[in-house]
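Numbering-wise, our numbering comes out as the position in the sequence shown, counting from 1, plus 159.
Below: the structure, in structure tokens.
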Amino acid sequence: MQTSVVQYKLIKKIKDERFDEENIHHCHLLINIGSRDFQTLIVDHSDNRVLYLEDYVLPSVGSGTELMATLDSLFDSHALLKAGFWKSITIAFKNQKFVQVPQALFVDTALADYLRFNARLDSDHEEFLYTVLPKSQAVTVFAVPKNLKEWLDSVYANNKPVYTHQSGALIEATLQYAKNRTDNPLYIYVDRFRLHILAVQNGTLHYYNQFLIQNFSDYVKYIMLVMKLLGMDQKTGQVMMWGYIGKNSPHYHEFYKYINNVTYGGRPDFLNFGYLFDEIQDQHFLDLYGIYLCRQG
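Structure follows, in structure tokens:
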């Protein structure tokens, strides 16, 4: 695979002092692939301890071909990503071609039919996959480029990855977080390019959707729209927020102008973190962490 421009930028890397490359056969490799960003996480199987995290942005990627070329370059230059002897490998995709189906109604021969409800499909160039979400008793059906899936399969030819979707990882992580609460706040995840909104009632998923963000005002618009849809009061309703908004950022203060009860979500309780990860704000990377709940093994 060749291209004249391959570009990626590492913006965060943390390695736990306990991480040992000789023991990665005891570790789970988690990968999160977006159209213009990429994250990876390594977790020790024995105690669910996060040992390694990287976050990249892919600023020059503008097409599927450029994404594959950039990933190919990144993997080639990386000391760990092409290793094949992990305990498990789970890869999540961040895209808009997905749908949630109740598990009781799911038929695995109808993937394209489900997706046609909210996406335009290209069966010649896309593969249709699904992942079962045990906490929500739902199935996420999603489409991925065939050539990207084939390339990943070839990279991990001797250790077949489990494929999942960002939406499923967020749903599972949010349900895990909500089980320890007695109230029902609105949960939001601010991604670099999209806003995800979830609601949980009585321990079950009540609402999930994602919205394209073009201006900052879109955040507030969509949050208010969903609060109204769910019958939540703007002044008294609680909003729990994760994602790429800092605790002292101008964007957070803008949120607070319109929604009085905005608080940040914490780190998940299904993973353990050493002190080196204290430099990461607690509300970051919930989708990456949530992939751990979608793994097998």
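By construction, the Cβ of each residue, glycine as well, lies at the ideal position given by its N, Cα and C atoms.
A quick note: this is a predicted structure, and the numbers were derived from the prediction, not measured.
A straight line joining the alpha-carbon of E176 with that of Y315 spans about 27 Å. When M400, N191, L200 and I192 are compared, the shortest CA-CA separation from I173 is found for L200. Secondary structure at W401: strand, using DSSP grouped into helix, strand and coil.
With fewer than three CB-CB distances shorter than 8 Å, the stretch 348 to 359 does not count as touching the stretch 268 to 284. In the three-state DSSP reduction, Y336 falls in the helix class (H, G or I). With respect to the 7 Å criterion, L274 and V258 are classified as neighbours on the basis of their beta carbons. Taking 7 Å as the cut-off, the beta carbon of L371 is found no closer than this to the beta carbon of I330. Taking the Cα positions, T290 is about 26 Å away from A228.
For K380, no beta strand (DSSP E) segment is defined; the enclosing uninterrupted segment is the alpha helix (DSSP H) at F375 to L388. Collapsing the DSSP output to three states places I173 in a strand. By the criterion of a C-beta distance shorter than 7 Å, G327 is surrounded in its chain by T290, L292, T299 and C453, once the five residues flanking it on both sides are discounted.
Comparing C-alpha distances from V379 to each of I418, L364, A358 and H187 shows the shortest one belongs to I418. The beta carbon of F429 sits closer than 7 Å to the beta carbons of N207, Q335, Y451 and L452 from its chain, once the five residues preceding and following it are set aside; these are given in chain order. DSSP places H412 inside the alpha helix (DSSP H), whose first and last residues are P409 to Y417. Y403 places its beta carbon less than 7 Å from that of V349. Following the DSSP letters along the chain, one finds F252 inside the beta strand (DSSP E) bounded by residues S247 to F252. Secondary structure note for L357: its beta strand (DSSP E) is the uninterrupted segment R353 to Q360. Secondary structure note for D272: it is in no beta strand (DSSP E), and the uninterrupted alpha helix (DSSP H) holding it is L270 to L274.
Comparing C-alpha distances from F252 to each of L210, D272, N361 and Q198 shows the shortest one belongs to Q198. Around the beta carbon of R426, a 10 Å sphere encloses 16 or more other beta carbons of the protein chains shown; the residue is thus reported as buried.
DSSP lists K171 and Q198 as the bridge partner or partners of D214.
The three-state secondary structure of A278, taken from DSSP, is coil. Taking 8 Å as the upper bound for CB-CB distance, V216 and S194 are not in contact here, some 11 Å apart. For V314, the uninterrupted alpha helix (DSSP H) segment begins and ends at K305 to V314.
Secondary structure of A242 (DSSP, three-state): coil.
Here Q325 carries a helix assignment [DSSP, helix/strand/coil]. Just so you know, the alpha carbons of E181 and L239 end up roughly 11 Å apart. Put simply, of K319, I439, P344 and V260 the residue whose alpha carbon is nearest the alpha carbon of Q393 is P344. T333 places its beta carbon less than 7 Å from that of Y346. From the listed residues L435, A278 and D446, the smallest Cα separation to M400 is found for D446. C-alpha of N318 to C-alpha of Y211: approximately 20 Å in a straight line. The shortest CA-to-CA distance from Q360 to any of Q369, I382, G390 and K305 is the one to G390.
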